[in-house]
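Residue numbers (the working numbering), protein chains in the order written: chain A, 7 to 458; chain B, 7 to 458.
Backbone N, C-alpha and C fix where the C-beta goes; we use that ideal spot for every residue, glycine too.
Being a predicted model, the structure only gives us computed values, none of them experimental.
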């Protein structure tokens with residue numbers, strides 16, 4: 007190789023790297039100095055609020071999202087119609103411990119999403135299990151006719167709190183089925199929250215067609231501790247009423263914004279989070295932060311006049327929490343239109359300080375992700391590894407088997423303080439932490455567009 | 007080398023590494039599952055509260071610290087007497103913008119620590135400078151007789167907020183001297199806080215003997231924005247009263263606990279934070295978290311029956327905020343006793359999620375720190391680099407030039423939301439983030455003891 011050619015190649019390589027680093031710096035500067043993320047999230051949380059699929063608030067969230075996207079001069083903004091489950095909490099929801107010694111003790115309780123109601127007062131002796139496996143091993147005679155209390159705590163020794171959540175998830179998802187198999191009247195779970203506090207955490211649960219449906223609710227971790235302590239001293243009854251119920255499927259929408267690719271408009275980079283939330287709090291971290299991260303990333307790329315090679319498409323998915331109909335419908339729809347999905351990225355782990363990105367993909371795709379790490383070191387991000395993408399983008403693998411899925415990874419320590427709880431409100435999102443996430447995702451989308 | 011010997015060495019190396027990793031895991035488990043840190047910090051914040059040097063609260067903090075240490079069965083707990091400055095805010099402190107158009111607008115204001123009072127109402131025209139350098143370049147005629155308003159914001163584009171703080175620090179430290187040089191009556195600074203909010207942030211400032219002392223105070227970032235906007239439309243007066251003043255130096259104490267080294271009791275590993283705080287909020291992050299981190303680290307090592315080779319000594323330094331007399335006195339005292347200080351570590355960057363440790367030391371000492379990184383990767387810590395130790399342990403370099411100083415590095419994003427402000431209260435410290443810091447420092451002290 008001639009020396010001049012070598013120098014040219016070296017120089018152009020360094021130049022490209024430097025150009026990337028300058029552009030990424032400008033993305034971050036925009037996010038941190040003139041960002042719209044914090045105000046957009048405030049408005050979503052306060053002007054719309056909690057927005058469970060099928061609710062009036064979810065419909066208002068769709069309107070809000072479309073109007074907000076339309077302010078930002080993207081090439082296209084549109085709705086994609088989907089069908090979603092429709093479950094409502096109703097107006098009556100209360101639970102008490104009834105003790106011979108202490109009388110009635112009211113607890114902080116939320117029905118689990120999808121649960122049937124109690125049809126008036128439901129009361130019975132309550133029996134505690136410290137682990138779902140203990141319930142599975144119990145005799146029918148010990149459980150029949152009682153209310154089962156699943157008091158399995160999240161493992162504080164897990165450093166990453168999502169691992170602790172995964173270890174407990176089954177008490178919420180499968181508790182009702184397992185308790186009903188043994189003839190229980192209802193199931194009460196300890197909230198899947200990390201701290202001991204007064205906030206109950208709701209979330210999805212499921213029934214099986216062959217097993218009788220029983221009501222399921224979560225009580226706060228503090229109430230779980232109190233109930234457990236009381237049960238160590240005497241037999242107790244639990245009294246509850248819930249009039250939650252399911253309705254026929256409703257129409258709803260994914261909300262989509264895009265900048266058309268200049269070279270390959272049919273090659274799509276999809277990024278987003280979920281617009282729906284549970285019906286408590288304001289869905290600030292879960293997943294208001296995630297949709298705003300992605301909207302702001304696209305807004306900044308647009309503001310900086312970035313001309314993408316591929317079409318950059320932000321999707322606010324509806325119905326991640328109890329059905330994932332937004333993600334499923336989107337994957338099929340895109341395939342049927344003859345699009346080529348070349349990468350997807352999701353933010354659904356809260357608006358905390360960014361640590362990195364994970365990749366669900368081939369070795370080569372994971373290597374590509376790792377090659378990006380150097381660009382993020384000045385932004386204090388170090389975690390670029392194989393891992394989970396996200397629930398909404400998951401179905402894309404079915405339609406596009408080669409697609410790499412990227413998951414945004416913020417710090418996890420505070421996420422399960424707020425997850426699915428009344429405390430998941432705007433005030434618990436830090437402005438800078440949110441903005442750093444926007445910078446990270448904008449930079450990642452830029453690098454993907456340049457390198458794919 | 008014989009193969010058997012090679013295997014023995016290899017095996018013992020792997021064994022030692024594995025033993026370290028098991029022990030570090032047990033330190034973390036203790037911190038996360040049975041920790042005392044959160045309750046100890048609650049008690050320090052709520053039962054003692056803000057504790058500026060020379061105050062009754064500082065004396066109560068000394069008593070509280072000694073009593074708390076004595077509960078934990080260390081080998082020694084004792085006080086080290088020091089002299090500290092004594093400044094009090096007094097009972098009157100208020101500031102107003104006076105506008106011809108809008109009347110009086112009250113601001114959220116705190117005198118800077120060490121400031122003189124106003125001796126009754128002080129009022130004058132207020133003149134804004136966006137940077138301390140602009141004030142330095144101003145003409146005396148423009149400033150004389152007025153109140154100077156230094157409205158230099160922290161740079162949001164800095165990723166690490168301590169760099170943004172460093173860039174603004176001079177408006178607080180030197181603002182009064184520079185304004186007085188040009189004949190100003192008083193100086194008002196924009197608080198060194200990152201968010202735009204209502205909390206004023208106090209902090210240290212200084213005078214020079216040859217320059218006339220003038221009152222100095224900080225207003226909230228929100229008030230600074232309002233004042234600046236109003237000044238863009240009309241001339242304004244500022245009205246203020248403060249009766250803060252300095253008193254003669256007072257007696258106070260560093261509070262010390264130690265476990266005596268089994269091999270080299272005269273070789274000391276010092277670790278700590280500062281017990282004093284400013285006189286607003288509760289000193290929760292600054293530096294309640296730091297002293298509790300270190301106390302909890304020693305408590306856990308003791309609970310696990312760890313027998314250190316060197317003496318492990320926790321020092322709750324008094325007076326870091328306005329004189330550093332605790333740090334200075336300790337360094338001299340230790341030298342005079344004929345001790346050998348082999349390493350020191352400080353936690354004074356808040357109780358946030360740990361990112362790593364910095365080392366102020368030789369290349370070899372920094373290499374040693376870097377060799378520890380692998381032990382911390384399972385705990386999501388990645389930052390093991392050359393950097394600052396801490397203010398309290400800084401003077402040890404004067405007495406022990408070879409000593410490596412280690413600084414605990416937590417995430418910095420939220421620190422300047424609370425620093426020196428009324429919002430630095432216990433409720434803004436997250437339990438898990440605090441506990442992870444205790445695990446990190448306990449593990450670091452263990453590794454230093456084993457490897458020095």
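| Asked | Found |
| --- | --- |
| Hey, which unbroken runs of the beta strand (DSSP E) at 3 residues or more fall wholly within the stretch 330–366 of chain B? | 346–352 and 360–366 |
| Who are the Cβ neighbours of residue 472 (chain B) in its own chain at under 8 Å, not counting the five residues just before and after it? | In this structure chain B extends from 7 to 458, so residue 472 (chain B) is not present and cannot be described. |
| Quickly, what does DSSP pair residue 84 (chain B) with across the bridge? List them, please. | B:262 |
| Can the beta-carbon of residue 306 (chain A) be found less than 9 Å from the beta-carbon of residue 37 (chain A)? | yes |
| Compare the C-beta of residue 43 (chain A) against all C-beta atoms of chain B and say whether one is closer than 9 Å. | no |
| Starting from the C-beta of residue 269 (chain B), find all residues in its chain whose C-beta is less than 6 Å away, skip the five residues before and the five after it, and write them out in chain order. | 315 |
| Residue 195 (chain A) and residue 156 (chain A) look like a contact to me (Cβ under 8 Å); what is the Cβ gap, rounded to whole Å? | 5 Å |
| Measuring only between beta-carbons, confirm whether residue 430 (chain B) sits less than 9 Å from chain A. | no |
| How should residue 254 (chain B) be labelled, buried or exposed, when 16 other C-beta atoms within 10 angstroms of its C-beta is the threshold for buried? | exposed |
| Report yes or no: do three or more beta-carbon pairs, one from the stretch 267–284 of chain A and one from the stretch 344–360 of chain A, lie closer than 8 Å? | yes |
| Exposed or buried, residue 184 (chain A), counting other C-beta atoms within 10 Å across all chains shown (16 or more means buried)? | buried |
| So, is the C-beta of residue 423 (chain B) closer than 9 Å to a C-beta in chain A? | yes |
| Would you mind sorting residue 383 (chain B) into buried or exposed? The rule is 16 or more other CB atoms within 10 Å of its CB. | exposed |
| Classify residue 7 (chain B) as buried or exposed, calling it buried when 16 or more other Cβ atoms lie within 10 Å of its own Cβ. | Bear in mind that a pLDDT of 49 at residue 7 (chain B), under 50, signals an unreliable position, so the model cannot answer this. |
| Below 8 Å between beta carbons is the criterion; list the residues of the stretch 22–53 of chain A that meet it against any residue of chain B, in chain order. | 34, 35, 38 and 39 |
| Verify whether the separation of the beta carbon atoms of residue 76 (chain A) and residue 259 (chain A) is less than 9 Å. | no |
| Can you tell me where the alpha helix (DSSP H) holding residue 400 (chain B) begins and where it ends? | Neither: residue 400 (chain B) is in no alpha helix (DSSP H) and is coded neither H nor E. |
| If you count every other CB in all the chains shown that lies within 10 Å of the CB of residue 140 (chain B), and 16 or more means buried, which is it? | exposed |
| Just grab the DSSP bridge partners of residue 90 (chain A) for me. | A:256 |
| Since I believe residue 282 (chain A) is in contact with residue 498 (chain A) (beta carbons under 8 Å), could you give me their beta-carbon distance rounded to a whole number of angstroms? | Examination of residue 498 (chain A) is not possible in this model, given that chain A is present from 7 through 458 alone. |
| So that I know if they touch, is there some Cβ in chain B lying closer than 9 Å to that of residue 361 (chain A)? | yes |
| What does DSSP give as the partner residue(s) for residue 103 (chain B) in the beta ladder? | B:111 and B:244 |
| Are the beta-carbon atoms belonging to residue 251 (chain B) and residue 369 (chain B) less than 9 Å from one another? | no |
| Which runs of the alpha helix (DSSP H) at least 4 residues long sit entirely within the stretch 117–204 of chain B? Give them in chain order. | 138–143, 146–149, 167–179 and 181–187 |
| Based on Cα-Cα distance, which residue from A:46, A:334 and A:395 lies nearest to residue 404 (chain A)? | A:334 |
| Using a Cβ-Cβ cutoff of 8 Å, what residues of the stretch 150–184 of chain B are near chain A? List them in chain order. | 162, 163, 165, 166 and 167 |
| Identify the contact partners of residue 200 (chain A) in chain B, using a Cβ-Cβ distance below 7 Å as the criterion. | 438 |
| Since I believe residue 398 (chain A) is in contact with residue 330 (chain A) (beta carbons under 8 Å), could you give me their beta-carbon distance rounded to a whole number of angstroms? | 7 Å |
| With a 10 Å radius around its C-beta and 16 neighbouring C-beta atoms as the bar for buried, classify residue 436 (chain B) as buried or exposed. | buried |
| Cβ closer than 8 Å: which chain B residues qualify as neighbours of residue 385 (chain A)? | 165 |
| According to the Cβ coordinates, are residue 358 (chain A) and residue 198 (chain A) closer than 9 Å? | no |
| Which same chain residues, not among the five before or five after residue 455 (chain A), have their C-beta less than 7 Å away from its C-beta? | 275, 314, 315, 316 and 318 |
| Residue 264 (chain B): buried (16+ other C-beta within 10 angstroms of its C-beta) or exposed? | buried |
| Say whether chain B places a C-beta atom closer than 9 Å to the C-beta of residue 389 (chain A). | yes |
| What does residue 420 (chain A) touch in chain B if you count any residue whose Cβ is under 9 Å from its own? | 359, 436, 438 and 439 |
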